[in-house]
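In mature numbering (1 follows the signal peptide of the UniProt record, and there is no 0), the protein residues as written are -21 to -1, 1 to 645. What follows is a short report on a single structure.
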């Protein structure tokens, strides 16, 4: 009852604010621009929400687009910098990396894609997607599309909460080279992007990126070097100008170090701790080949790709005689994650009222690791005396799927987006995932959007087969796990006219069979994955933006998440209850522009939990950035994040951070 009253109270307050905002919005827009907009905006075309090109104002789901120009103005040296300025995506940092949450759902419920392709990586709920952003070359990015809400009917497992699709720069006919150098509190960065231009019917690009993660910024984060290389090419068939082959080769290498502590005797934790040094040597390779074409009534794509991540970890302890000399090899681990996919789709344009897309996906996921084995028995493979003898075990998971989607124009006012996916997983059998979206144009300025759909997430190899001894604890998988399922719906009201917009959304997610560690295992210090509970997440999103004057624009956003355990009614950990943000930008509109970005964010009631101890944090953060272009070729950025020195060690918020970035276009 109390929970319902809280929801009703917030809805009432926001409804009142919305009415006031709506009247202000309508009056100001009608006064400055009496006719509704008729043309598409530059950031209006998106491809992730429907797997086809569509106008962002038309698609029923909530989508945000971040372009390469936006990234340049922010002076970002790493993809994680970008999300510090992004509304509707909550980030938190730790020694695991950067975790992102969409609508109160954890990183493991968000599907990360690069050019629509899945990325191999860590697959436990605690680590999933926390390191993926750090491994991406920022100089390659053309745009980022963020879809909030379930996408399982088109993308299958892992897309319960939403989708983040990082779309890289494509080759074009004009040759150019872009050099960048960045430095700051967290890292230094150098990058190169080269577009070769046209050579007959061939187009190509080359990207190179080197990043040095600095140790002084956060002792809980690994430091060291990370390198990215990418070569892409497009070949247009000489006698079929609407058909082409695309090839992409990508490699990442990293050598990182983390100073840590562990038990002197992991069999007897009461004997105290010793200092350790962890060395991480990782590499990732991706190969993709794609054939695409179009006719007057069809667009089709056939693609095959494979992505492999190799991880090697060595833990060294200090000797008793030299406590700062890390020479004693205490433990070692290796893991290999491979995702291989064959997929295709065809979109048929049926008259003026239907865009029908039919597609398939065949997926193989392979893992070979010292951290997986038979979870029914507790092994001693993690003990120090066996550190050099640890056996690797391997498991493979296959799935295949068919999906169909229609973009159905019933009238000029009403559009429907039905979609359906059938997927067969070799471990769990068959699943059918439906979804229905709706966009209704009330007036040329106002729209109602609604979505209802099912989502699912299949247990990963680690959740099924983990057998890992880590710092005195046994972490065990469970081959009897069931997939997680979700029922989600949302409804939005959007208004846009000229340079002003408003959007209000209510969403509701119910997730059953939620997978997490069960701490009641009969073996001491052993944690086993179980389907232990269900989650209920309700929330409200509100966003208002306008052009304040010729040079100034502003945007306000408020998010409220009520994320609880459906059985105990207790709040879910490591989430904020409320987040309010403001973004103000200045642009002088000169030939060589000068740009200022000011952002403030207030986080309320972030529930932090560690070792079954809960803490509530409420805190502000303010960022400022200045970007200047000279001669259309050289630009310089300088910025300060966390301007007023908020410090919260538990949340890895460690005070003010600086960064500068210079870009040369040759």
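Idealized CB from N, CA, C, for every residue including glycine.
Cross-strand partners of residue i (DSSP beta bridge)
i           : result
residue 442 : None; residue 442 has no bridge partner.
residue 89  : 141
residue 167 : 162, 191
residue 431 : 415, 468
residue 397 : 415
residue 113 : For residue 113, which the question treats as bridged, DSSP gives no partner whatsoever.
residue 448 : 453
residue 173 : 156, 185
residue 95  : DSSP, once it has assigned bridges, lists no residue as partnering residue 95.
residue 79  : 70
residue 599 : 581
residue 122 : 46, 146
residue 339 : 323, 381
residue 404 : 378, 408
Cβ pair residue i, residue j closer than 9 Å
i           : j           : result
residue 518 : residue 467 : no
residue 520 : residue 484 : yes
residue 80  : residue 69  : yes
residue 99  : residue 332 : no
residue 223 : residue 272 : yes
residue 386 : residue 56  : no
residue 655 : residue 611 : Missing from the structure shown is residue 655; the chain here goes from -21 to 645 and no further.
residue 410 : residue 401 : yes
residue 255 : residue 295 : yes
residue 263 : residue 97  : no
residue 436 : residue 132 : no
residue 101 : residue 108 : yes
residue 472 : residue 426 : yes
residue 31  : residue 334 : yes
residue 279 : residue 326 : yes
residue 541 : residue 176 : no
residue 117 : residue 50  : yes
residue 504 : residue 565 : no
residue 552 : residue 588 : yes
residue 145 : residue 123 : yes
residue 377 : residue 353 : no
Alpha-carbon spacing of residue i relative to residue j, whole angstroms
i           : j           : result
residue 515 : residue 495 : 15 Å
residue 605 : residue 166 : 19 Å
residue 293 : residue 313 : 9 Å
residue 315 : residue 288 : 6 Å
residue 187 : residue 266 : 16 Å
residue 476 : residue 89  : 32 Å
residue 320 : residue 340 : 7 Å
residue 234 : residue 260 : 5 Å
residue 13  : residue 563 : Any answer about residue 13 is weak, because its pLDDT of 30 lies below 50 and its placement is not dependable; what the coordinates show is given next. Straight-line Cα distance between these residues: approximately 25 Å.
residue 42  : residue 127 : 6 Å
residue 633 : residue 379 : 45 Å
residue 20  : residue 47  : Reliability fails at residue 20, whose pLDDT of 31 lies under 50, so the model's placement of it is uncertain and the value that follows must be treated cautiously. Approximately 16 Å, taken between the alpha carbons.
residue 158 : residue 599 : 35 Å
residue 204 : residue 558 : 34 Å
residue 370 : residue 329 : 56 Å
residue 66  : residue 537 : 9 Å
residue 202 : residue 238 : 9 Å
residue 110 : residue 59  : 10 Å
residue 389 : residue 474 : 21 Å
residue 6   : residue 34  : Below a pLDDT of 50, predicted positions are generally treated as unreliable, and residue 6, at 36, falls in that range; the measurement from the model is reported next regardless. So the two alpha carbons sit approximately 26 Å from each other.
Continuous beta strand (DSSP E) stretch holding residue i: start and end
i           : result
residue 585 : 573 to 589
residue 64  : That residue, residue 64, is in no beta strand (DSSP E); it is neither H nor E in DSSP.
residue 557 : 557 to 566
residue 620 : 613 to 620
residue 373 : 372 to 388
residue 551 : Note, residue 551: premise wrong, no beta strand (DSSP E); not H, not E.
residue 150 : Here residue 150 belongs to no beta strand (DSSP E), and DSSP marks it neither H nor E.
residue 101 : No beta strand (DSSP E) holds residue 101; DSSP gives it neither H nor E.
residue 640 : 636 to 644
Endpoints, alpha helix (DSSP H) assigned at residue i
i           : result
residue 180 : Here residue 180 belongs to no alpha helix (DSSP H), and DSSP marks it neither H nor E.
residue 349 : Where residue 349 is concerned, there is no enclosing alpha helix (DSSP H), given that its DSSP letter is neither H nor E.
residue 28  : Premise fails: residue 28 is in no alpha helix (DSSP H) and is neither H nor E.
residue 713 : Because residue 713 is not part of the residues shown, which for the chain are -21 to 645, the question remains open.
residue 421 : Element bounds for residue 421: n/a, residue is neither H nor E.
residue 132 : 131 to 134
beta-carbon residue i near the ligand SAH non-hydrogen atom, thresh 8 Å
i           : result
residue 183 : No copy of the ligand SAH appears in this structure; indeed no ligand is present at all.
At which residue ranges does the segment 468 to 536 contain complete beta strand (DSSP E) runs of 3 or more residues, listed in the order of the chain?
479 to 497, 505 to 526
Please go through the segment 258 to 328 and give each complete beta strand (DSSP E) segment of 3 or more residues, from N-terminal end onward.
277 to 298
Return the chain-ordered ranges of every alpha helix (DSSP H) run that is complete within the segment 199 to 223 and spans a minimum of 4 residues.
none
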